[in-house]
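K.L.:
Numbering (this note's numbering), first residue to last: -17 to 45. Here a beta-carbon is modelled for each residue, glycine too, at the ideal position from N, C-alpha and C. Computed from a prediction, not measured in an experiment: that's the story for all the values here.
1. If I'm right that residue 5 touches residue 30 with Cβ under 8 Å, what's the distance once you round it to whole angstroms?
2. If I follow the unbroken alpha helix (DSSP H) through residue 44, where does it start and stop?
3. Report back the beta-carbon spacing between residue 12 and residue -8 to the nearest angstrom; my notes put them in contact at under 8 Å.
4. Within 10 angstroms of the Cβ of residue 27, are there 16 or more other Cβ atoms? Answer buried if so, exposed if not.
5. Can you list, in chain order, the stretches of the beta strand (DSSP E) that have 3 or more residues and sit fully within the segment 13 to 40?
6. Short of 8 Å in beta carbon distance, which residues of its chain neighbour residue 19, apart from the five on each side in sequence? Order them along the chain.
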């Protein structure tokens, strides 16, 4: 009997230049929402899964 490990990443976050870069968010509620709920300001959060062009239209940091 062969055993195989299956691995999946639910979220991917980096800290770059004192900002939280959300590279991938596979959660239902959203990591950015969780972070703002605990008091982290939107200007310290980058939605890196969006292109820089699209980021300018959000309330979050561009990067």
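P.N.:
Walking through what the data contain:
1. For the purposes of this step, residue 5 is identified with residue 23 of the chain shown, where counting begins at 1. For the purposes of this step, residue 30 is identified with residue 48 of the chain shown, where counting begins at 1. Correct: roughly 5 Å between the Cβ atoms.
2. Translated into the one-based positions of the chain shown, residue 44 becomes position 62. Here residue 44 belongs to no alpha helix (DSSP H), and DSSP marks it neither H nor E.
3. Indexing the chain shown from 1 puts residue 12 at position 30. Indexing the chain shown from 1 puts residue -8 at position 10. In fact, because the Cβ distance is near 12 Å, the residues do not count as touching under 8 Å.
4. Counted from its first residue, the chain shown places residue 27 at position 45. By the 10 Å Cβ count, residue 27 comes out buried.
5. 27 to 29
6. Residue 19 sits at position 37 when you count from the first residue of the chain shown. Within the same chain, residue 19 has no close Cβ partners at all.
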